[in-house]
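Beneath this line is the structure, given in structure tokens, with notes to follow.
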Amino acid sequence: MARPVPVRTAARGGPETIGGESDPTRERLLATAVDLFTRRGYAATSVREIVEGAGVTKPALYYHFGSKEGIYHAILDEIERLIDGALAENRGIEGSARERIEALFLGLFDLFEKNQPAMRFVNAVFWGPPQGAPPFDFERFHARLRDAVAAIVADGIASGELGRHLAEDVVLALIGVLSFSMDLTLAHPELGLGKDGLRRALDLLFTGIASPGLASQENQR
Numbered sequence: 000m001a002r003p004v005p006v007r008t009a010a011r012g013g014p015e016t017i018g019g020e021s022d023p024t025r026e027r028l029l030a031t032a033v034d035l036f037t038r039r040g041y042a043a044t045s046v047r048e049i050v051e052g053a054g055v056t057k058p059a060l061y062y063h064f065g066s067k068e069g070i071y072h073a074i075l076d077e078i079e080r081l082i083d084g085a086l087a088e089n090r091g092i093e094g095s096a097r098e099r100i101e102a103l104f105l106g107l108f109d110l111f112e113k114n115q116p117a118m119r120f121v122n123a124v125f126w127g128p129p130q131g132a133p134p135f136d137f138e139r140f141h142a143r144l145r146d147a148v149a150a151i152v153a154d155g156i157a158s159g160e161l162g163r164h165l166a167e168d169v170v171l172a173l174i175g176v177l178s179f180s181m182d183l184t185l186a187h188p189e190l191g192l193g194k195d196g197l198r199r200a201l202d203l204l205f206t207g208i209a210s211p212g213l214a215s216q217e218n219q220r
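Numbering (numbering that gives the first Met the number 0), first residue to last: 0 to 220.
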């Protein structure tokens, strides 16, 4: 089993939650908007409901975000900042491919656990009907994660650590484990998967990847 690796959660000691560096008013507005957009949808949520839920006035929302669309984009920009921070931290980590993947995934999962309301919002927007929400390029999230994992996998295959598997197969399997672990946590929090569960799943996957028998079967395809 690979030795434990440090979990990096935010670049340069930055905030690890949505609105973590903001003043209390901005933070309350973000939290309230996340909750309402997730439960009611973007189109069905009014500025009045957001400010009343946050206990502030409309001018406060307009001051911080400019509009309802502005606060919507601010939420997604905050999530993007957190993800970019975790990816940037991982680029400075040394170690085997397995250790670097584990550090990246545990760091991302840690951010996910600390920001579950915002992650529910992302799922609702991405998988739900359009509901009149402003467009946002969610593919950026996926592309950056894929690129980061692919770079580590390429190093692992080149060094022989990850056998002679097709790189895209390994990337797909790894991201699948992370994605399903997050989805399972949102859908069934009572199972208590946590970082330990993710680590066990990664251990199992890496054991299979390192299996000579599996590698030889793939090379015959």
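Idealized CB from N, CA, C, for every residue including glycine. Here the structure is a predicted model, which is why all the values come from computation and not from measurement.
CB-CB length for residue i against residue j, believed under 8 Å
i, j, result
"Ile156", "Arg99", "Not confirmed; about 13 Å, so no contact."
"Ala142", "Ile74", "The Cβ separation is near 20 Å, so there is no contact."
"Val176", "Val148", "Between Val148 and Val176 the Cβ distance is about 11 Å, and since that is not below 8 Å, they are no contact."
"Val50", "Ala59", "7 Å"
"Thr37", "Pro116", "7 Å"
Distance between residue j and residue i (C-alpha atoms, nearest Å)
i, j, result
"Arg198", "Leu105", "8 Å"
"Glu93", "Asp154", "12 Å"
"Asp168", "Leu144", "15 Å"
"Ala200", "Leu35", "34 Å"
"Asp62", "Tyr71", "According to the sequence provided, residue 62 is Tyr. The question's Asp does not apply to it. So the two alpha carbons sit approximately 14 Å from each other."
"Gly127", "Ser66", "22 Å"
"Leu173", "Arg119", "22 Å"
"Ala123", "Thr44", "14 Å"
"Gly159", "Ala166", "12 Å"
"Asp22", "Leu28", "10 Å"
"Gly69", "Ala53", "16 Å"
"Leu190", "Gly40", "27 Å"
"Ala96", "Arg25", "40 Å"
"Leu221", "Val55", "This structure cannot settle anything about residue 221, because the visible part of the chain is limited to 0 through 220."
"Leu107", "Leu204", "18 Å"
"Gly162", "Asp202", "16 Å"
"Leu81", "His164", "31 Å"
"Val121", "Lys57", "25 Å"
"Asp146", "Leu185", "25 Å"
"Ala102", "Asn89", "7 Å"
Boundaries of the alpha helix (DSSP H) in which residue i is found, first to last residue
i, result
"Ser180", "Ala166 to Ala186"
"Phe135", "Here Phe135 belongs to no alpha helix (DSSP H), and DSSP marks it neither H nor E."
"Ala225", "Within the shown structure, residues of the chain are numbered from 0 to 220, placing residue 225 beyond reach of any answer."
"Gly69", "Lys67 to Arg90"
"Glu93", "Neither: Glu93 is in no alpha helix (DSSP H) and is coded neither H nor E."
"Arg25", "Pro23 to Arg39"
"Gly231", "The structure shown does not extend to residue 231, since the chain spans only 0 to 220, so no value can be given for it."
"Pro128", "It is not in any alpha helix (DSSP H) - Pro128 carries neither H nor E in the DSSP assignment."
"Ala59", "Lys57 to Phe64"
Chain B contact for residue i (CB, 8 Å cutoff)
i, result
"Val170", "This model lacks chain B altogether, as it is built from one protein chain only."
Legend entry - Cβ contact (3+ pairs, closer than 8 Å) linking the stretch 93 to 111 and the stretch 174 to 182: Taking 8 Å as the limit for Cβ pairs, the verdict is that the stretch 174 to 182 does touch the stretch 93 to 111.
Legend entry - Stretch-stretch touch, CB-based, cutoff 8 Å, three pairs: the stretch 201 to 209 with the stretch 133 to 151: Result no; under three Cβ-Cβ pairs closer than 8 Å.
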